[in-house]
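Asker: Residue numbers (this note's numbering): 4 to 152.
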């Protein structure tokens, strides 16, 4: 499992011409799910991304989490994060969680995130989406579960 966190001043996701999710200041989270990922790995990833300190404290140090700041979280499934790009000129997606399993795990993570955090928005699993964001910093981190390559 990989979660690409981007600290944003705002972000939104559209499907076609309809905005399906948007947040103000907070985190845009692009999520890639791999074979072997399960609800336990999802819980650990949610714990980490909600507690990860990427927002400035009063001294300007990255010492506050999205939970501390009350910022929004925009969660978007992005299976291309599961690509193996180590060989050749075409990405391999053989390590990605199959679509049906990935959708169930994504929906589970989204429900858990909504239960644990205030402002949560999401993309549409499997849809062709247009994501707009203003990256703050820029600040971007890649969180990987233990089972990730």
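Ideal Cβ placement from N, Cα and C applies to all residues, glycine included.
Could you say which of 32, 124, 89 lies nearest to residue 153 if we only look at CA atoms?
Answerer: What the structure shows of the chain is the stretch from 4 to 152, and residue 153 is not part of that stretch, so it cannot be assessed.
Asker: Grab the span of the alpha helix (DSSP H) containing residue 50 for me, first residue to last.
Answerer: 42-54
Asker: Report yes if the C-beta distance between residue 58 and residue 72 is below 7 Å; otherwise report no.
Answerer: yes
Asker: Find out if the Cβ-Cβ distance for the pair residue 76, residue 111 is shorter than 7 Å.
Answerer: No, these two residues do not count as a Cβ contact at 7 Å.
Asker: My parser needs the beta strand (DSSP E) runs of 3 or more residues fully inside the region 57-100; what are they?
Answerer: 65-67, 75-80
Asker: Using only the alpha-carbon positions, how far apart do residue 139 and residue 8 sit?
Answerer: The alpha-carbon atoms of residue 139 and residue 8 are separated by roughly 11 Å.
Asker: Hey, could you find the ends of the beta strand (DSSP E) residue 125 is sitting in?
Answerer: Per DSSP, residue 125 belongs to the beta strand (DSSP E) from 123-125.
Asker: Per DSSP, what kind of secondary structure is residue 103 in: helix, strand or coil?
Answerer: In the structure shown, residue 103 sits in a helix (DSSP, three-state: H, G or I).
Asker: Can you round the beta-carbon distance between residue 37 and residue 98 to whole angstroms, since I take them to be within the 8 Å contact cut?
Answerer: 5 Å
Asker: Can you tell me where the beta strand (DSSP E) holding residue 33 begins and where it ends?
Answerer: 29-35
Asker: Where does residue 93 land, buried or exposed, given buried means 16+ other C-beta within 10 angstroms?
Answerer: When all chains shown are included, residue 93 counts as exposed.
Asker: Please report how far the alpha carbon of residue 126 lies from the alpha carbon of residue 64, in whole angstroms.
Answerer: 31 Å
Asker: Kindly indicate which residue of 42, 55, 12 has the alpha-carbon position closest to the one of residue 115.
Answerer: 42
Asker: Between the Cα of residue 144 and those of 130, 15, 16, 34, spot the shortest distance and give me the residue it belongs to.
Answerer: 34
Asker: Taking only three categories from DSSP, how would you classify residue 4?
Answerer: coil
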